[in-house]
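*Asks:*
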Amino acid sequence: MLPTSWLKVERVEWDTKAKKTIVQISDLHIRHLRVPMSTIERTIKDASPDYIFLTGDYIDKHPSELPKLESFLKMIERVGVETYAVLGNHDRHTNQEEAVTDLLKKYGVTVLKNEYVEKEDVVIVGIDDYALRYHNVPASFNFSNEEDKDVLVLTHDPDVVTVVDQPFHFLVSGHLHGKQVNVPFLFKLKDMGQLAKQGVYQGQHPHSKGTFYISKGIGQSALNIRFFVRSEMTIHNLNGKRT
């Protein structure tokens, strides 16, 4: 058993044309978040990122969690970093999708629902949740990219890579919590999707169309415990070496 407040900052390298730093925070599950807000804020500031990517599951099931989520988003606004978000499956429980979306937007977060944003040197793509079948891959990739910009994708459920047939250079996700309770054969017994059944539930992995990453998440769902899986924030280093 590990303290759920014991944060591990993972650092991941990517071969890209653009040179960027991105902080990813996934699976906040704000009701069970035990990592201090001050630690999260300090980690972001120390990384000096170009972007923050939030990859879903901000709440669990209760509207009562929204004030605590608002405190988190006030901190995100305070650090002053351009921030993009997608929703997760838990954000739609008890019909909280609109409330969560409005709260994210209130504090300057761009919420992408099968949409993209073209920047000077990258295209940022947000694919909506695959687990609940809100994803629309063709709409998400409805751009030409004639300049061969880096395509940076954020999504919640990593299983969406099984239906992506467009090239990308970077895809980050969460959802699986790195098992959260790391018991052998756990995902053989509980259906958490195709990748989990193959033993893919955290870290960086190659794919026919690009490379993807699964965060272990920073919060907990259901039981507020972690077993041999630490809470995670991720610093992604886009190295500018792709030609």
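Heads up, the sequence shown is in the working numbering, so the first residue is 114 and it goes up one at a time. We put the CB at the ideal spot given by N, CA and C, even for glycine.
1. According to DSSP, which residues form a beta bridge with H320?
2. Name the residue from I331, N352, G312 and T214 whose alpha carbon lies nearest to the alpha carbon of E183.
3. Whose CA, out of K310, D261, V125 and V277, lies closest to the CA of G239?
4. Ignoring anything shorter than 4 residues or poking outside the segment 168–213, list the alpha helix (DSSP H) runs there in chain order.
5. Rounding to the nearest angstrom, what Cα-Cα distance links H203 and E123 in this structure?
6. Assuming E345 is part of the beta strand (DSSP E), what are its boundary residues?
7. Since T275 is in the alpha helix (DSSP H), which residue starts that stretch and which ends it?
8. Do D270 and Y243 count as a contact pair if the criterion is CB distance below 8 Å?
9. Does the Cβ of N255 have 16 or more other Cβ atoms within 10 Å, making it buried, or fewer, making it exposed?
10. Mind the definition here: the segment 171–178 touches the segment 314–329 only if three or more C-beta pairs lie below 8 Å; say whether that holds.
11. Select from V285, T196 and S253 the residue whose C-alpha is nearest the C-alpha of P162.
12. Return yes when the Cβ of R205 is within less than 8 Å of the Cβ of L141, no when it is not.
13. Within 8 Å of any Cβ in chain C, is that where the Cβ of T275 sits?
14. Let me confirm a value: E345 is counted as buried when at least 16 other C-beta atoms fall within 10 Å, else exposed. Which label applies?
15. Per DSSP, what kind of secondary structure is L265 in: helix, strand or coil?
16. Please classify K262 as buried or exposed, where buried requires at least 16 other C-beta atoms within 10 Å of its C-beta.
17. Between the Cα of Y220 and those of E190, K158, G306 and R147, spot the shortest distance and give me the residue it belongs to.
18. So, I138 versus Y164, is the Cβ gap smaller than 8 Å?
19. Using C-beta distances below 6 Å, list every residue in its chain close to H320, excluding the 5 sequence neighbours before and after it, in chain order.
20. Would DSSP call S286 helix, strand or coil?
*Replies:* Put simply:
1. As a first step, residue 320 is located in the sequence shown; it is residue number 207 there, counting from the start. DSSP lists G323 as the beta-bridge partner residues of H320.
2. Within the sequence shown, numbered from 1, the residue matching residue 183 stands at position 70. By alpha-carbon distance to E183, the top candidate from I331, N352, G312 and T214 is T214.
3. Here residue 239 refers to the residue found at position 126 when the sequence shown is read from its first residue. Taking only the C-alpha atoms, the option nearest G239 is V277.
4. For the segment 168–213, whole alpha helix (DSSP H) runs of length 4 or above, ordered along the chain, are 179–192.
5. The residue given as residue 203 occupies position 90 in the sequence shown. The residue given as residue 123 occupies position 10 in the sequence shown. So the two alpha carbons sit approximately 24 Å from each other.
6. Locating residue 345 in the sequence shown gives position 232, counting from the first residue. First-last of the beta strand (DSSP E) with E345: S344 to N352.
7. Residue 275 sits at position 162 when you count from the first residue of the sequence shown. If you look at T275, you'll find it isn't in any alpha helix (DSSP H); DSSP assigns it neither H nor E.
8. To locate residue 243, count along the sequence shown from 1; it is residue 130. To locate residue 270, count along the sequence shown from 1; it is residue 157. In this structure, Y243 places its C-beta atom within 8 Å of the C-beta atom of D270.
9. Along the sequence shown, read from residue 1 onward, the residue named residue 255 stands at position 142. Exposed is the label assigned to N255, since fewer than 16 other Cβ atoms lie within 10 Å of its Cβ.
10. No, the segment 171–178 is not in contact with the segment 314–329.
11. Walking along the sequence shown from the start, residue 162 turns up at place 49. When the alpha-carbon of P162 is set against those of V285, T196 and S253, the nearest one is in T196.
12. Counting from 1 along the sequence shown, the entry for residue 141 is found at position 28. Counting from 1 along the sequence shown, the entry for residue 205 is found at position 92. No, these two residues do not count as a Cβ contact at 8 Å.
13. No chain C appears in this structure, which consists of one protein chain only.
14. Here residue 345 is taken as the residue at index 232 of the sequence shown, counted from 1. Flag for E345 reads buried.
15. The residue given as residue 265 occupies position 152 in the sequence shown. L265 falls in the strand class under three-state DSSP.
16. Taking the first residue of the sequence shown as position 1, residue 262 is located at position 149. Buried: at least 16 other Cβ atoms inside 10 Å.
17. Against the sequence shown, residue 220 aligns to sequence position 107. Measuring from the Cα of Y220, the nearest candidate turns out to be E190.
18. Along the sequence shown, read from residue 1 onward, the residue named residue 138 stands at position 25. Along the sequence shown, read from residue 1 onward, the residue named residue 164 stands at position 51. At the C-beta level, I138 and Y164 stay beyond 8 Å of one another.
19. Locating residue 320 in the sequence shown gives position 207, counting from the first residue. Around H320: V274.
20. In the sequence shown, residue 286 corresponds to position 173, counting from 1. Strand.
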